[in-house]
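J.: I have a structure I would like to understand better, so I am pasting it below and will then ask my questions one at a time.
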Amino acid sequence: MEILKGLTEKETQDKLLRLGFTDPGAALVNLKLLAATPFKDCLDELTRLSIQSPSPDACLNNLERAAKKIPWESIKESLKDPATLPWLVRLLGSSNYLANILCQNPALYGYLFVDAGITVSKDFETFRDELKVSLDDITEVNDAMRTLRVYRHKEYLRIGGRDLLGLSGVVATTAELSNLASACLDAAVEFSSRHLKNAYGAPVYINEAGDVSEAVFTVIALGKLGGNELNFSSDIDIIYVYSWDLGETTGRAGKPGSKISPYAFFIKLSAMVNRLIGGVTEDGFVFRVDLDLRPEGRSGALCGSLRSMEIYYESWGQMWERAAFIKARPVGGSKALGEEFLTMIRPFIYKRYLDFTAIEEIKAMKEKIDLALLRKDPEAIDVKLGAGGIREIEFFCQALQLIHGGKDPDLREKNTLCAIERLREKGFLNEKDAAALHDGYIFLRNLEHRIQMVEGLQTQAIPATKGALERLARMMGFKDAQGGLYPPEKTAGAAFRIEFNEKTAAVHEVYRSLFYKGDEKPDGSSEDVRALLSPDATKEETAEKLKTLGFKDPEAAYGNLVLLMGAPTRVRLGARGRVVVEKLLPLFISSAIKAPDPDMALGHLERFTCSVGVRTAFYSLLLENRLIIEELMKLLGTSVFLSRLLIERPESLETLLSKELSIPYKRRAEFLTELDCSANYEDSLDALRRIKNQEVFRIGVNDLRGVLLPRQVSVQITFLACAALDAALKIASRELEKRFGAPNNAAICIIGMGRLGGGDLIYGSDLDVVFVYDGEADLSTKGGRRITNHEFFVKLGARIISVLTLKTKDGSVFTIDARLRPSGSSGPLVVSRAALLKYHRGKTSVWERQAWLKAKPVAGDIRAGEEILSELDAVIFNHSPTDEDVRELLRIRKRMETEIAKEDATRFNIKTGAGGMVDVEFLIQALQLENFEDKTLRTPSTLKAIKRLIKKGIVSKEDGTFLKEAYGFYRLIELRQRVVHDRPEGYLYKGTPEGEMPLSTETLAKRCGCGGEDAGASLLADYERYAKKVRALYMRTLEAIREIKTLNQNP
């Protein structure tokens, strides 16, 4: 060798020591032995390359061992390729484990370096096909076990070599290992099934009709195998599932007693697969099999039927099992049964609501791991389980997937890197944090592979000795001073430690941002709050403190406080739930004190906690999101209406958290998409109510936040109502068409009247509708039990009303009022186009003409509805009101004042009282009727009508502007009364009527934006001012129209 030429043995060893060999004597012996092998012609290059390898000593030692076993012809042939020697040196200088496989199976050298196997990657199908060829003619279990192990060693050498040589990245490597394991399992299932069927026959079930069905078996992978991210020393986490327990095996001809139950058959099958894959022989094992994730763990049966699995997870499934099943996928046996199992278990994994229980429970799981590591070895640095390690990345992703995956199927990724990317795309991870998790995962998985590859051990601990650390660092690509990459004082190990600490610190910071952001000292732990929660305080002391803190009814507040402090015990919360609630109480109380109405906030909070009960997820959600607590208490201390919705349905709390759920404004098309009810009838009813409740709460929250203006609130509620009508129509049609077939060349339209037609709905509004169909009434439906179109549509109208008004556990959707149809309540529920027109060609009363000014097609066949209204327009609006008509309007309006408004000296009715909203509407509608020839004035919206009347010069700009202001003022009060007090009657009180508790005008005034100590008086003064002038304009307008009629009659 040129580099050692002319040196004495002592000088040679000294030089080898300086070059990086830690045992120069052994290195020299190995070089001399290699000089007698085909490597003799490249010893200088080999020595130079070995010095640059992760472990120069191991490289020469392993190369010398291999050279004694490998056919020399293969070595000579391989060295013709200049890439072979660098690859071989790096592989053998990195991994004693792979070197051992090569020495035990020397023929594999030719497979790797002569036949270029080292350059090849394989997919699942290739592995499976190769194994099938190898196992097809084998009948003995022991022969199958050896075949599987020989194949596994061959492929591990190829995959490991490609990984160490940089020919395959960590993603491709883990995927290939996973595909290998999956193919081995699939082959094991196929062999075992064939073997057992020879002994017992196939497990079959014969039904009463004589149909024969064979029970099947599947292997479900979890953990790293499920996520396609297996490492070199991973256990494979699997469970075994079979289709059913019915029937028995067909047995073996001439062998009595060979018929067994499906359960017995599949237990034997599971045990055989375990033995084939996990049994230890002189050839080792294929993969370590871990069945601990099956129902009831190690004490449970090896396999379970699909039905037994469903019962277990529905009844006893735990959070850690939900997290495990995120990665579940079928890998062996029947893929169809595997997919059926995944469909069955999906609702268990992903809840349809935002499930924040995951944060606390996964956090607790990680803390247990940390404690176990600490007890085992306080000094150990574990790449997988330690701070900033692989498990923190996995737990972070799984927590967010469990929380949001029920709502967003795109987040249901099995692979960790794919999950990180999805979370980034969906906005749950910012770019910086996503990069930290992605880069950290790649780095740590590479590191894990190299730790395990050295000796083939199942470990994730960074070696403690300097030599082993240096070798690991160089396997990771770090170089020492000799390599020229770092200053002389920095070894490869030191450089690696810097990189490792940076990567894990970044990961740990992201992990803590999710799991520990609620663990700082509570903001509400002031002296006042601590005094209120002190177990030593007397009732009198606490009540006095509550009074000083702004509670107007300290006795009631004290009662609520006592109930809240006892809630964990009263509702039987578990230990974890109690801890969470105890942390929350100071925050609740602190925020309640700052709420607009502390008494209301505390009372509603107590009812809310009772409604939540033992569902720790809701408390965890609040603890992890402090700002929500403040907004929640503001809501509970402001709005009786929204508080009721939240208490009745605590899952609405998601709206406060989710940007997607709390988006202020949605278009009608978005509502239609959300309310697309394609499930069965009962599920559709539930979904319709659930979404409607969620949407009303969303609108109310944004109203309370001030994000939506009153007019926008009405538009949103109207859009929701129209979408609900459309959804109800689809649900009802689907059910009726199953029985009677579809209507024959006819379609229905739902005409919105009143506030629905005018787009002026508020919380709790009824929906005024008229059902009209376009088509021949007497034609028969197509298919089913035939009935006439008219009969079909009458049934359809009734079913639509039932869909919307039926009370279920989630309440009703909307109340429907169909009395504005021809002949009112005494007329048919649904009318044809022809019948509607015929009715109105007769004498139509002025109040009916007035009602149809608000008509607008809102659901069903909108185009047909527009055509019907266009035709009706010519029938109804073809003359101005007569003097009798105007007097009738005045009489109707007067009756509303006396019979509905019932105002007196102590109260005003903003809707039907003198000068109220109805005055504005009657005034505008009278002008629309009077100017019937101008079709541009016929809009169902009152505000739009005012604008058009101003533009036409029919109403002066001054009067028109005032009417818009007054109408907007009344709408604001109406909305605030409903959202704040949950009272629809629309009264403003000046004092307390005898025998009736009035609404707090002061509180209402503040919610309407009036400030100062006299907010209530200010609101009343504004109302009286508006009402007085509105009444004057109303009387003046209608008298003017009457005067015109008189002049026309007496020219």
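Quick note: the sequence shown uses this note's numbering, first residue 176, plus one each step.
Positions of the beta carbon are idealized from the N, C-alpha and C atoms, including for glycine.
Just so we're clear, the structure is a prediction, and the values are computed from it rather than from any experiment.
Leaving out the 5 sequence neighbours to the left and right, which residues in its chain are closer than 6 Å to Leu263 when beta-carbon positions are compared?
T.: So the list is empty, once near-sequence residues are dropped.
J.: For Asp1094 versus Val969, is the C-beta distance shorter than 8 Å?
T.: Taking 8 Å as the Cβ cut-off, Asp1094 and Val969 do not qualify as a contacting pair.
J.: Can you say whether His328 is buried or exposed, counting buried as having 16 or more other CB atoms within 10 angstroms of its CB?
T.: Label assigned to His328: buried.
J.: Could you say which of Gly285, Met928 and Arg909 lies nearest to Gly959 if we only look at CA atoms?
T.: For Gly959, the nearest C-alpha among the options comes from Arg909.
J.: So, is His1054 buried or exposed, given that buried needs 16 or more other C-beta atoms within 10 angstroms?
T.: Its Cβ having fewer than 16 others within 10 Å, His1054 is exposed.
J.: Provide the residue(s) that pair with Leu942 in DSSP beta bridges, ordered along the chain.
T.: Answer by DSSP bridge pairing, in chain order: Ile991.
J.: For Arg504, which three-state DSSP category applies?
T.: If DSSP states are grouped into helix, strand and coil, Arg504 belongs with the strands.
J.: Put Gly934 into one of helix, strand or coil per three-state DSSP.
T.: Reduced to three states, the DSSP call for Gly934 is coil.
J.: Please return the same chain residues whose Cβ sits closer than 8 Å to the Cβ of Gly453, not counting the five positions on each side in sequence.
T.: Around Gly453: Phe460, Val461, Phe462, Arg463 and Val464.
J.: Let me check understanding here. Comparing Cα to Cα, which of Tyr856, Leu224 and Thr990 lies closest to Phe196?
T.: Phe196 has its Cα closest to that of Leu224, out of Tyr856, Leu224 and Thr990.
J.: Which residue wins for smallest C-alpha separation from Glu849, given the options Tyr840, Asn855 and Ala862?
T.: Minimum Cα distance to Glu849 is reached at Ala862.
J.: DSSP three-state label for Lys1018, please.
T.: Looking at Lys1018 - three-state DSSP - the assignment turns out to be coil, as it is neither helix nor strand.
J.: Would you kindly work out how many angstroms separate the C-alpha atoms of Ala898 and Tyr380, rounded to a whole number?
T.: Near 48 Å, if we compare the C-alpha coordinates of Tyr380 and Ala898.
J.: When you compare only the Cα positions, how much space is there between Phe894 and Leu936?
T.: Cα to Cα, the separation comes out at about 9 Å.
J.: Once you ignore the five residues that flank Leu979 on each side, which residues in its own chain have a CB closer than 7 Å to its CB?
T.: Excluding positions up to five away in sequence, the list reads Ala899, Ala903, Ser987, Val988, Phe989 and Ile991.
J.: Taking just the CA atoms, how far does Pro378 sit from Leu444?
T.: Distance between the alpha carbons of Leu444 and Pro378 is about 12 Å.
J.: Count the C-beta pairs between the segment 299-310 and the segment 268-287 that are closer than 8 Å, then say yes if the count reaches three, no if not.
T.: They do not touch, by the three-pair rule.
J.: For the pair the segment 341-353 and the segment 463-483, tell me if three or more CB-CB distances fall below 8 Å.
T.: Segments in contact, no.
J.: Counting beta carbon pairs with one atom in the segment 807-827 and one in the segment 769-788, are three or more of them shorter than 8 Å?
T.: Yes, since at least three Cβ pairs between the segment 769-788 and the segment 807-827 fall closer than 8 Å, the two stretches touch.
J.: How big is the Cα-Cα spacing for Leu1065 and Asn800?
T.: Their backbone Cα atoms lie some 56 Å apart in a straight line.
J.: Taking only the alpha-carbon atoms, compute the straight-line gap between Ala282 and Met320 and give it to the nearest angstrom.
T.: One C-alpha to the other measures close to 20 Å.
J.: For Ile411, which of helix, strand or coil comes out of DSSP?
T.: In this structure, Ile411 counts as strand in the three-state DSSP scheme.
J.: If the criterion is Cβ atoms closer than 8 Å, does the pair Leu632 and Ile565 meet it?
T.: No, these two residues do not count as a Cβ contact at 8 Å.
J.: According to DSSP, is Tyr778 part of a helix, a strand, or is it coil?
T.: Here residue 778 is Gly; the residue named in the question, Tyr, does not match the sequence. Correct three-state label for Gly778: helix.
J.: To the nearest angstrom, report how far apart Leu1012 and Glu1042 are at their CA atoms.
T.: Taking the straight line from one Cα to the other gives about 12 Å.
J.: If you run the structure through DSSP and keep just helix, strand and coil, what is Phe460?
T.: Of the three classes helix, strand and coil, the one that applies to Phe460 here is coil, per DSSP.
J.: Between the segment 1143-1151 and the segment 1176-1193, can you find at least three pairs of beta-carbon atoms closer than 8 Å?
T.: Result yes; three or more Cβ-Cβ pairs closer than 8 Å.
J.: Taking the Cβ atom as the reference point for each residue, do Pro771 and Gly812 lie within a distance shorter than 8 Å?
T.: The answer is yes: Cβ separation under 8 Å.
J.: Quick one: using the 10 Å Cβ neighbour count with 16 as the cut-off for buried, is Tyr1162 buried or exposed?
T.: Classification of Tyr1162: buried, given that the 10 Å Cβ count is 16 or more.
J.: DSSP three-state label for Glu1046, please.
T.: DSSP places Glu1046 in helix when its eight states are reduced to three.
J.: Just the Cα atoms here: how many angstroms apart are Ala952 and Arg974?
T.: Looking at the two C-alpha atoms, the distance is approximately 18 Å.
J.: If you drop the 5 nearest sequence neighbours on each side, which residues of the same chain put their C-beta closer than 6 Å to that of Lys678?
T.: If we look at Lys678 and ignore the five residues flanking it on each side, its Cβ neighbours are Gly615 and Phe618.
J.: In the DSSP output, what is Ala922 paired with across the bridge?
T.: Partner(s): Asp949.
J.: So Arg1310 and Val947 are in contact, right, with Cβ under 8 Å, and what is the actual spacing, rounded?
T.: With the chain represented from 176 up to 1226, any question about residue 1310 goes unanswered, as that position is not in the structure.
J.: In the DSSP output, what is Met928 paired with across the bridge?
T.: Its beta-bridge partners are Asp943.
J.: Let's see if you can read the secondary structure: which residues bound the alpha helix (DSSP H) around Lys443?
T.: Unbroken alpha helix (DSSP H) run through Lys443: Pro437 to Gly453.
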